[in-house]
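Each remark here refers to the structure printed beneath this line.
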Amino acid sequence: MNTAHEIGILATAIKEYGIVNADGRSSVAYGILFDKTANTLEALNGTLRAAKKQKKVAFDAELLMMPKDKDVQIILLE
């Protein structure tokens, strides 16, 4: 898996399907991201964890699970 490529797809999806917050950053609910990237990101949680470790995204959970975390916001930091 090419992590940089996967994180690029993730960032594009957050911008495309999310909204711009008051602080100017894009964010999207995990449920929307899960639905919209089902065919492009096979390991969404792995990509999210890698992006969080690289400080490219932020979210308030260690591991996101559907449907429990569908409303958790994923914030794009870059």
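Convert by adding 10 to the 1-based position in the sequence shown; the result is the number in this note's numbering.
A virtual CB, placed ideally from N, CA and C, is assigned to each residue, including glycine.
Distance check between G18 and each of A61, L74, D79 and M75 places A61 closest, using alpha-carbon atoms only.
The beta carbons of L51 and L74 sit about 13 Å from each other, so the pair does not count as a contact at 8 Å. Distance from the CA of F44 to the CA of L54, rounded to the nearest whole angstrom, comes to 7 Å. Cβ atoms of Y40 and K66 stay farther apart than 8 Å, at about 16 Å.
V82 has no beta-bridge partner at all, per DSSP.
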